[in-house]
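A.B. asks: Protein chains in written order, with our numbering: chain A, 77 to 376; chain B, 1469 to 1801; chain C, 203 to 482.
For each residue, glycine too, the CB sits at the ideal point set by N, CA and C.
Predicted model only: the values in this text are computed from it and were never measured.
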Amino acid sequence: MSATFSRDWLLSDTPSSRRQAVWGQRYQAWLAFRRNPLAMGGLIVAVAMLLLSLAAPLLATHDPSVQNLGNRLAPPSAEHWFGTDELGRDVYSRILYGGRITLGMVVAVVLLVAPLGLIVGCVAGYAGGFLDRILMRVTDVFLAFPRLILALAFVAAMRPGVESAVFAIALTAWPPYARLARAETLTIRNADYVAAVRLTGASAARIVLRHVTPMCIPSLIVRVTLDMSSIILTAAGLGFLGLGAQPPLPEWGTMIATARRFILDQWWVPVIPGIAIFVASLSFNLLGDGLRDVLDPKQR
Amino acid sequence: MKALAASAASIPITLFGLVLVTFFIGRVMPIDPVIAIVGDRAPQDVVEQTRAALGLDQPLYVQFVTYVGQLLRGDLGRSVMTSNTVGQDILTFFPATFELATTAIVLAALIGIPLGVLAAVKQGSLVDQAVRVFSLIGHSLPIFVLALLSLLVFYARLGIAPGPGRQGIVYQDMVDIRTGVLTLDAALAGDWGAFWDAVAHLAQPACVLAFFSLAYIARMTRAFMLNELRSEYVITARAKGLSSTRIIWRHAFGNVAVPMVTILALTYAGLLEGAVLTETIFAWPGLGQYLTVSLLNADMNAVLGATLVVGLIYVALNLLADTLYRLLDPRVR
Amino acid sequence: MNARQPLAEIRDLNVFFPSATGFTHAVRGVSMTVGREKFGIVGESGSGKSVTGRALMRLLPRSARVTADALRFDGTDVLAASEGIMRDLRGKRIGLILQDPKYSLNPVMRAGDQIAEAWRAHRRAGWKEAREAAASLLEQVRIRDPGRVARAYPHELSGGMGQRVMIAMMLAPDPDLLIADEPTSALDASVQAEILRLIEELVSARGMGLMLISHDLPLVSRFCDRVAVMYAGRVMETLAAKDLAHATHPYTRGLLDCLPRLDAPRLRLPVLARDPAWVA
């Protein structure tokens, strides 16, 4: 099997198996993606941030929760790379650990929302009729609120915290995915190959799961990546308003909220987590733009 | 016209959904509204009494009907925090948000649209690159970070912008409130000192808020314009020997203007969301600040009232965009 | 002015378009002269016939690379002229009729305004005068109800009507040469002949030159004085339309042989055999 994944095998014009064809296509997409320097930059930064957060215990120079009131609001130095916050905690270490919370919230939202939206959209699109109309009305209602404001109301009714923030953002984030999956399904539903599968006696569930949803996935991935940045911003916004992760947790938005009164004098304390949010969000935007060009050329 | 009627017909269903959502958040979510009012140390009989007084011992559907009835009478309940009715509060706070958001969208459109047109006409040029970078930043930078940076630079360091708030202390409560839009009220009263003070206070939050819509508007304008500039009628216009100004603005932009109306209406709706964060930082006494302060005080009537109103504005703007689109485009008229 | 004197002179015109793999050579060394006559350019799609016409008005996209030994209109060097001079040339000296009025008319502008705009573009005159001129032009292209059509938006007009509006618009500044780029291909067969006859009459009455670009060989030979046959960016041959039946070039012969005939049954039409030597 060593020769299986050679370049020639991947680029072959005459794939001899379905697997080879699939991997060949993926490799072609990767080659196209690699030519886009901005998208590659986005990918590298996004992956680096995820890895840095995962490796936070190894990379942190200090315990993110140990206070040192004698050395509060210190500017960046060799000892504290990003300075210290209002309780003398090391900002660099808090940013690393904070990435686990902020990016973790984003990943959790996406894992909750993408499959839900995909299934709802595909079922609505494939079934059509009454079910379709009901499901789309529901998405209409959710789309009728600005995302942050609806999330605020949900969190307010629950208890401020990471879990309710994730839940609230997820509740407000799924309708666009359902819309997207439904639109894709409507075009696929009448395709000849679906008719062929139906003729072989496949059940509706099998058709939706095996033949419709996979076709929706590329555009969904693009949408998810582009959405990641807006989820990051919403999560940070909730944290900033005091409704997301609660202090002393080092969530980036929360860190800005507790440090915002120092903006005029010790400006780096609130600005550094702001930069972290900006870089994370920017990298997902660049990555999403690049993926769209490769996976979903018709949206360009 | 038929399509417009259909889209208008779907409005009541959406509104019903909105009410259902706020009702659900208010009554079914984990926080017990009774405990929120009387506190969790209140004796059991007080809790029960309050529950009955609020009608919360009734079955859910009865509660819902009561709730809808109240809404139809314009009764959003009473705010625990301000002890006014929520309706009154919203009328007090909304004009400030309206002033801020409207200024922001006007700024954003006045700068963003020409910028987008220019980027499309000179595709690949420096302006085009700048618009791209600009819109990427606009999409990635949290608005509250930009607001903080703006305070740092323009207020603290350069000293060219006044601090947070809507008025300088000198002018506090000097202007009669007529419309609630402070700049307008000051102008109506002929108090030009107060007017310029209000404008100065408005400038910074409005610019911060405008930046985000500006990035989006410029990017959409660019995309639409590129599409139009490639079309055949632009070749016709060039073949007629028209000036490039006329080709770009009368012909290509004439076709972009129609979808732009939709974009502007949607952007305006999105500004309401940005306003929540901006108002918090600039201590701008608008609906956004009202909402966040109510949130932190667990004042659910106020939260739900404000959320519902924002939802209503959202739906109204969508309908407006749809209607304008149909009125402006001769093809769907 | 003498009919013999050439209006447009094209010598060794080359046009390149950027593509994914370098440049596409769309027009390869085309030469022709057009006077106040009816000149036809025939060719398949992609043969470079439209590009040649548009190069003469410098209407190609900015990314196109254009070179020529000579590209002149009535003494003006089109390649070297300033944009201001070109604007005077476009419309006022050369008009361009495009294929499909559905796309070539501005969808959000009333037909009358589009004509009035073309009329005004090269004159110092007010809108009121321009509107009157537009109405009279609409009459000249045989529109029965000029008032209604002038107020209509392009989507409210039929294809034939739209093309009449287009013609009126391009005649408005009184040009010397009219380039008609597939003017009837998007129209119903019944309207095609009417529109062509209209173009022919107007061109003859005003003593203009006509460059008729089409893929329809019999149509071009019926309406034009001379015909250039293009293939793969080159002119295969130029000949008088009445000699077309006796054309010698194998490509032209091949095209003629592919046509069905009314006077004799043909069971199977031959497929055109292309010789790589034609483009060598």
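1. Short of 7 angstroms in beta carbon distance, which residues of its chain neighbour C:Leu339, apart from the five on each side in sequence? Order them along the chain.
2. List in chain order: all unbroken alpha helix (DSSP H) runs of 4+ residues lying wholly within the stretch 295-373 of chain C.
3. Enumerated in chain order, which unbroken segments of the alpha helix (DSSP H) with a length of 4 residues or greater are wholly contained in the stretch 289-343 of chain A?
4. Where does A:Gly197 fall in DSSP's three states?
5. Are the Cβ atoms of C:Gly250 and C:Ala228 separated by less than 9 angstroms?
6. Say whether the stretch 1752-1759 of chain B touches the stretch 1614-1624 of chain B, bearing in mind that this needs 3 or more beta-carbon pairs closer than 8 angstroms, one atom from each stretch.
7. Output the distance between the C-alpha atoms of C:Ala313 and B:Gly1631, rounded to the nearest integer angstrom.
8. Drop a sphere of 10 angstroms on the beta-carbon of B:Ser1547, count the other beta-carbons inside from all chains shown, and report buried for 16 or more, exposed for fewer.
9. To the nearest whole angstrom, what separates the beta carbons of C:Leu261 and B:Ala1707, a pair I think is in contact under 8 angstroms?
10. Nearest to B:Gln1640 by alpha carbon, out of B:Ala1629, B:Ile1628, B:Gly1627, B:Ala1654?
11. For B:Lys1708, does the three-state DSSP call read helix, strand or coil?
12. Checking 9 angstroms against the spacing of the C-beta atoms, do B:Ile1703 and C:Leu300 come in under that value?
13. Does any residue of chain A have a CB that is nearer than 9 angstroms to the CB of B:Thr1748?
14. Starting from C:Phe241, trace the beta strand (DSSP E) in both directions and tell me its first and last residue.
15. Can you list, in chain order, the residues of its chain whose CB lies under 8 angstroms from that of B:Gly1523, leaving out five sequence neighbours each side?
16. Secondary structure at A:Ala259, three-state DSSP: helix, strand or coil?
17. Provide the residue(s) that pair with C:Gly411 in DSSP beta bridges, ordered along the chain.
18. Near B:Val1783, which residues of its chain fall below 8 angstroms by C-beta distance, leaving aside the five closest residues on each side in sequence?
19. Which same chain residues end up closer than 7 angstroms to A:Leu172 when comparing Cβ atoms and leaving out the 5 residues on each side of it in sequence?
20. Helix, strand or coil: how does DSSP classify A:Ala220 here?
21. Tell me which same chain residues have a C-beta within less than 7 angstroms of the C-beta of C:Thr278, skipping the five on either side of it?
22. Using the beta-carbon of each residue, which ones in chain B are nearer than 7 angstroms to C:Ala323?
23. Measuring straight from C-alpha to C-alpha, what distance separates B:Ala1624 and B:Phe1679?
24. How would you list, in chain order, the residues of chain C whose beta-carbon sits under 8 angstroms from the beta-carbon of B:Gly1722?
25. Which value, in whole angstroms, describes the spacing of the CA atoms of B:Asp1543 and B:Phe1566?
26. In its own chain, which residues sit with a C-beta less than 7 angstroms from the C-beta of A:Met291, not counting the 5 before and 5 after it?
27. Identify, in the order they occur along the chain, each residue of the same chain with its Cβ nearer than 6 angstroms to the Cβ of C:Phe219, setting aside the five sequence neighbours on each side.
28. From B:Ala1766 to A:Leu363, what distance separates their C-alpha atoms?
29. Where do the ends of the beta strand (DSSP E) carrying C:Ala272 lie?
30. Specify whether the stretch 1601-1615 of chain B and the stretch 1669-1683 of chain B touch according to this definition: at least 3 beta carbon pairs, one from each stretch, less than 8 angstroms apart.
31. Closest by CA to A:Leu256, which one among A:Pro113, A:Arg102, A:Gly193, A:Arg94?
32. Any chance the stretch 1690-1702 of chain B sits against the stretch 1719-1732 of chain B, with 3 or more Cβ pairs inside 8 angstroms?
33. Can a CB atom of chain B be found closer than 9 angstroms to the CB of A:Asn144?
34. Given this structure, state the Cα-to-Cα distance separating C:Leu414 from C:Arg344, to the nearest angstrom.
35. Decide if B:Val1601 is buried, meaning its Cβ has at least 16 other Cβ atoms within 10 Å, or exposed.
36. Taking just the CA atoms, how far does B:Leu1710 sit from A:Leu247?
C.D. replies: In short:
1. Ile317, Ala370, Leu373, Ala374
2. 303-306, 313-323, 329-342, 348-353, 361-373
3. As far as the stretch 289-343 of chain A is concerned, its whole alpha helix (DSSP H) runs of at least 4 residues are 289-316, 328-335.
4. helix
5. yes
6. no
7. 55 angstroms
8. buried
9. About 6 angstroms separates the beta carbons of C:Leu261 and B:Ala1707, which is inside the 8 angstroms limit, making them a contact pair.
10. B:Ala1654
11. Coil at B:Lys1708, not helix or strand.
12. Going by C-beta atoms, B:Ile1703 is nearer than 9 angstroms to C:Leu300.
13. yes
14. The continuous beta strand (DSSP E) containing C:Phe241 extends over residues 240-245.
15. Val1530, Gln1531, Thr1534
16. helix
17. C:Leu379
18. Ile1479, Thr1482, Leu1483, Leu1486
19. For A:Leu172, where only same-chain residues beyond five positions count, the Cβ hits under 7 angstroms are Leu128, Ser129, Ala132, Leu135, Ala136.
20. coil
21. Excluding sequence neighbours, C:Thr278 sits near Ile287, Leu291.
22. Lys1708, Gly1709, Leu1710
23. Taking the straight line from one Cα to the other gives about 20 angstroms.
24. Asn308, Val310, Met311
25. 22 angstroms
26. Glu260, Ile264
27. So the qualifying residues of the chain are Thr226, Ala228, Ala266.
28. 39 angstroms
29. 272-275
30. In short, these stretches touch, since the Cβ pair count reaches three.
31. The residue from A:Pro113, A:Arg102, A:Gly193, A:Arg94 with its alpha-carbon nearest to that of A:Leu256 is A:Gly193.
32. yes
33. No, because no Cβ of chain B sits closer than 9 angstroms to the Cβ of A:Asn144.
34. C-alpha separation (whole angstroms): 21 angstroms.
35. exposed
36. 53 angstroms
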